Amino acid sequence: MPTHTPLVDILRERIIDGDFAPGSRLSESTLAEQLEVSRNTLREAFRVLAEQGLIEHVPHRGVSVASPTIADVIDIYRARRVIECTALRHSEPEHPAVRLMKESLADAEEHLPAEDWRRVGSANMAFHDAIVALADSPRLARTYRDVAAELRLVFLEIDDPRALHEPFVRKNRAVLETLLERGPAAAADELERYLMASERTVLGAFTRMGKA
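Residue 20 in the UniProt record's numbering sits at position 20 of the sequence shown, and the numbers go up by one each step.
What follows is the structure, encoded as structure tokens:
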């Protein structure tokens, strides 16, 4: 079975959109009926999603949406720094993906006054997808897609979307302007500082929530 089938993609989007809360159990019989697929097909999709870190098999409880831990957060941000900062550091400011960075930032800024945090959060993620696209590497993009999906689960755990997303818009603006005015190396340094600050914010939220 390919890594991404329509069923895998449907379940993936529903998970990262928050239709299923982190830690919630996924009923095999209910989902198979809703999606009109066999249980065997659903189990194969679950296997793929488990490999991507989005669900987990809990003994005697079945399948549940993954609930990220502090260790997961640290590793996700470690991967983000390696992938995103490297892609940005070796980029060209004239790359077509820079236009995508501009468009996603404009989208986030447009929805910021209305406090539409779901749209702002999606636009922020699109900004970082565009950074990875600077590398022109389909393999790197696939790897980052899985990291970003796990990151969305992390964000779903935090119940203060303003504190989570509002600063990111401003920091994305700083990264883009640094890239255009001072070049890729300076922009990568700016992004690394940003990701380290973001990691501290998320870890602080997880600590307050009492997550291990």
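Where a beta carbon is used, it is the ideal one built from N, C-alpha and C, also for glycine. Note that the structure is a prediction, hence the values are computed from the model and not measured.
Contact check, residue i vs residue j, beta carbons under 8 angstroms
i           : j           : result
residue 66  : residue 55  : yes
residue 26  : residue 10  : no
residue 183 : residue 96  : no
residue 102 : residue 191 : no
residue 126 : residue 111 : no
Nearest to residue i (by Cα), restricted to the options the options
i           : options            : result
residue 50  : 173, 146, 207      : 146
residue 136 : 59, 122, 86, 195   : 86
residue 186 : 59, 90, 79         : 90
residue 215 : 110, 95, 47, 116   : The structure shown does not extend to residue 215, since the chain spans only 1 to 212, so no value can be given for it.
residue 31  : 181, 180, 63       : 63
residue 104 : 12, 94, 121, 88    : 121
residue 68  : 158, 154, 171, 101 : 154
residue 158 : 28, 211, 82        : 211
residue 14  : 150, 134, 70, 88   : 150
residue 57  : 24, 71, 209, 88    : 24
C-alpha distance - residue i paired with residue j, whole-angstrom precision
i           : j           : result
residue 7   : residue 195 : 32 angstroms
residue 33  : residue 139 : 34 angstroms
residue 53  : residue 73  : 12 angstroms
residue 156 : residue 41  : 27 angstroms
residue 152 : residue 178 : 26 angstroms
residue 202 : residue 164 : 8 angstroms
residue 43  : residue 143 : 23 angstroms
residue 174 : residue 45  : 39 angstroms
residue 193 : residue 38  : 47 angstroms
residue 79  : residue 113 : 31 angstroms
residue 118 : residue 18  : 10 angstroms
residue 1   : residue 181 : With a pLDDT of only 38 at residue 1, under 50, the local geometry of the prediction cannot be trusted, and the value read off the model is given with reservation. Each residue's Cα considered, the two are about 46 angstroms apart.
residue 131 : residue 22  : 27 angstroms
residue 199 : residue 109 : 22 angstroms
residue 128 : residue 84  : 7 angstroms
residue 60  : residue 100 : 45 angstroms
residue 189 : residue 81  : 10 angstroms
residue 141 : residue 133 : 7 angstroms
residue 28  : residue 5   : 18 angstroms
residue 48  : residue 207 : 30 angstroms
residue 148 : residue 172 : 16 angstroms
residue 16  : residue 70  : 18 angstroms
Enclosing alpha helix (DSSP H) for residue i [first to last residue]
i           : result
residue 202 : 184 to 209
residue 119 : 117 to 133
residue 138 : 138 to 156
residue 103 : 97 to 111
residue 81  : Note, residue 81: premise wrong, no alpha helix (DSSP H); not H, not E.
Contact test: residue i Cβ vs the ligand PLP heavy atom, cutoff 7 angstroms
i          : result
residue 14 : Only the bare structure without any ligand can be found here, which leaves the ligand PLP out of the picture.
Alpha helix (DSSP H) runs contained entirely in the UniProt domain "HTH gntR-type" (1 to 68), provided each spans 4 or more residues: Those alpha helix (DSSP H) runs which fall completely within the UniProt domain "HTH gntR-type" (1 to 68) and span 4+ residues are 6 to 16, 28 to 35, 39 to 51.
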